[in-house]
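Numbering (my numbering), first residue to last: 182 to 325.
Note that the Cβ used here is the ideal one computed from N, Cα and C, for glycine as well.
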């Protein structure tokens, strides 16, 4: 018989702690999140497609959520991205609070639209008592 023998189980060498991080689950989660954001990002930029005119005016400061009224190239009216027939526009505008607590109205109209159509909507806004109206434009080039 040889001296020294075989090391017994449980005694002798101990296992060293594992010092590596398994990154496979982290990569899997990140790829799933990336796919979710890639699918939902185009949905966040929803709105009425309007070809706005250019202007050098500075943006206004706002304290409460404004109401956006849009007129597309076909002359259809939208209040906050919801299409409203022109016949129902006065009733919908009358439902918006007016007076001291009236919200800011942003009027967006396509540049190719007839000026009379824009003035009709502005007249309805005035009749409903909504006088804080801003016309939305694209920021134009800085020319002297």
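For residue 252, which residues does DSSP report across the bridge? 258, 290
Please name the residue, chosen from 256, 239, 310, that lies closest to residue 297 on a Cα-to-Cα basis. 256
With H, G and I counted as helix, E and B as strand and the rest as coil, what does DSSP make of residue 164? Absent from the structure is residue 164, since the part of the chain shown begins at 182 and ends at 325.
Decide if residue 291 is buried, meaning its Cβ has at least 16 other Cβ atoms within 10 Å, or exposed. buried
Would you report the Cα separation of residue 324 and residue 277, rounded to the nearest angstrom? Note on residue 324: pLDDT 41, under 50, position unreliable in the model; the coordinate value appears next. If you take the alpha carbons of residue 324 and residue 277, they lie about 38 Å apart.
Leaving aside the five residues before and after residue 201 along the sequence, list all residues of the same chain whose C-beta is less than 7 Å from its C-beta, in chain order. none
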